[in-house]
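Have a look at the structure below, then the notes.
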Amino acid sequence: MMPSEGTGNGAAPETVGAPVKHLDVEAEVGSIVSTATPFVQNYVATLQPWRSFFVFRKPDNVSEVQTRVKQNLLHFQANYLMFAMIFLVVFLFSHPLRLFSAFAVLGAWALFHRRGGLDPAWNPQVG
């Protein structure tokens, strides 16, 4: 068989002897942490005091309700996100099947990413 000919199994000739690309997990985690650190610091800086978050007062009329809801959502958005994250963690760890499912989805996403799924020029090959 000539070197320019295919192997007969549908594989491209240039991929037959190509080295396998391994993922450097430590470098990937370091990259994620270095990227996330400024975001986390900024997020923590925007948290409002929890005492002011749990102050309840009856509004005078309907228009005040709408105004206060908008202001509250903007002012306490970091607190709401923290509350939702804590709820999500408790929800996932309260049942082993939920936690297993979350890890399965995370693993599938990581495999998709490792195989080039986030590259806009990636074309999946089936079969």
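For my numbering, count along the sequence shown from 1 and bump the result up by 4.
Beta carbons: idealized from backbone N, C-alpha and C, even for Gly.
Small disclaimer: the values here were computed from a predicted structure and weren't measured.
Restricted to the region 23 to 64, the alpha helix (DSSP H) segments that are unbroken, complete and at least 4 residues in length are 29 to 49, 54 to 57, listed in chain order. Ranking Val73, Trp113, Leu85 by CA distance to the CA of Gln52 puts Leu85 first.
In terms of Cβ geometry, Phe60 and Phe80 do not form a close pair [threshold 8 Å]. In this structure, Thr50 places its C-beta atom within 8 Å of the C-beta atom of Ala82. Taken through DSSP and simplified to helix, strand or coil, Pro124 comes out as coil. Shown here, Val130 sits in coil according to DSSP, grouped into three states, outside any helix or strand. The C-beta distance from Phe95 to Arg102 rounds to 7 Å, short enough to fall under 8 Å. Secondary structure note for Phe104: its alpha helix (DSSP H) is the uninterrupted segment 100 to 118.
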